[in-house]
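Sequence order for the protein chains is A and B.
Residues in the first sequence are numbered consecutively from -2, following our numbering.
Residues in the second sequence are numbered consecutively from 39, following our numbering.
For every residue, glycine included, the Cβ atom is placed at its ideal position computed from N, Cα and C.
Okay, so here's the structure we're looking at.
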Amino acid sequence: AQKVTQAQTEISVVEKEDVTLDCVYETRDTTYYLFWYKQPPSGELVFLIRRNSFDEQNEISGRYSWNFQKSTSSFNFTITASQVVDSAVYFCALSYTGGFKTIFGAGTRLFVKA
Amino acid sequence: DTGVSQNPRHKITKRGQNVTFRCDPISEHNRLYWYRQTLGQGPEFLTYFQNEAQLEKSRLLSDRFSAERPKGSFSTLEIQRTEQGDSAMYLCASSPGSGTSEDQETQYFGPGTRLLVL
């Protein structure tokens, strides 16, 4: 069965702090994809980053970086120098080739205070 | 390149009424998905279309729910005899049918239709 767990329900930080959002997934598939989406108060899910199961190289994109470790089934997401506009709910998601659907975690609500 | 659009953005209805939502995917995206999101939860998959073919339906999609994509472009989601438990945000997403596997698996979401059943 596919499952995504985001253990952090809410995180509150002060502007300019770095913040890491945790994600643990379960799947029996060898080929799968992991995503992070942001959902601001307006409600629209915004695609942020993705990673496939064969590429464990961690990357940085602007203020975003991610740490993918297959050994621990984790796909953590870090925002560097957080800003008030980063306040939103962040979802980790898992999809698998031919599965047609994406499984989402319950989300982590991030509050960034000025 | 416009994004996924959904109409209406908000819908209030009385229990027992039928409602229909529309989704217009990103042009040239041949994959279209519907999800339901309740407060404090992540989106839950409802159904998936590749072009006009409905290839997968969740068990969440009871017989009161029906989705169509008649010409492989826009899609409609209809809920018959609405119940208060149907109150949720209904999200539509699309993804391309070409490109790398990663490209095809990356879904782009619309703003959603928030349904309130009184």
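| Hey, out of B:Gly78, B:Gln92, B:Gln75 and B:Ile50, whose CA is closest to threonine 114 (chain B)'s CA? | B:Gln92
| task | Please go through the region 84 to 138 of chain B and give each complete beta strand (DSSP E) segment of 3 or more residues, from N-terminal end onward. | result | 91 to 95, 103 to 106, 113 to 117 and 126 to 133
| query | For glycine 55 (chain B), does the three-state DSSP call read helix, strand or coil? | reply | Sequence check: residue 55 (chain B) is glutamine here, not glycine. DSSP places glutamine 55 (chain B) in coil when its eight states are reduced to three.
| message | Going by DSSP, what residue range makes up the beta strand (DSSP E) through lysine 110 (chain A)? | response | 105 to 110
| field | C-alpha distance - asparagine 89 (chain B) paired with cysteine 130 (chain B), whole-angstrom precision | value | 15 angstroms
| query | Within the 8 angstroms Cβ cut-off, does glycine 80 (chain B) reach chain A? | reply | yes
| field | threonine 151 (chain B): first and last residue of the uninterrupted beta strand (DSSP E) it sits in | value | 151 to 155
| task | In the DSSP assignment, find the unbroken beta strand (DSSP E) run with isoleucine 46 (chain A) in it and report its ends. | result | 43 to 49
| Under 9 angstroms by beta carbon: chain A residues contacting glycine 150 (chain B) | Gly40, Glu41 and Leu42
| said: For chain B, check one thing: does any of its Cβ atoms lie closer than 8 angstroms to the Cβ of asparagine 112 (chain A)? | reply: There is no way to answer for residue 112 (chain A), as the model of chain A reaches only from -2 to 111.
| task | Spatial neighbours of phenylalanine 103 (chain B) within its chain, please: CB distance less than 6 angstroms, with the 5 preceding and 5 following residues excluded, ordered by chain position. | result | Ile117
| field | Contact set between threonine 99 (chain A) and chain B, taken where Cβ atoms lie within less than 9 angstroms | value | Tyr71, Tyr73, Pro81, Phe83, Ala131, Glu143 and Gln145
| Taking 8 angstroms as the CB-CB cut-off, is glutamate 140 (chain B) touching chain A? | yes
| request: Assign glycine 80 (chain B) to one of two classes, buried (16 or more other C-beta atoms within 10 Å of its C-beta) or exposed (fewer than that). | output: buried
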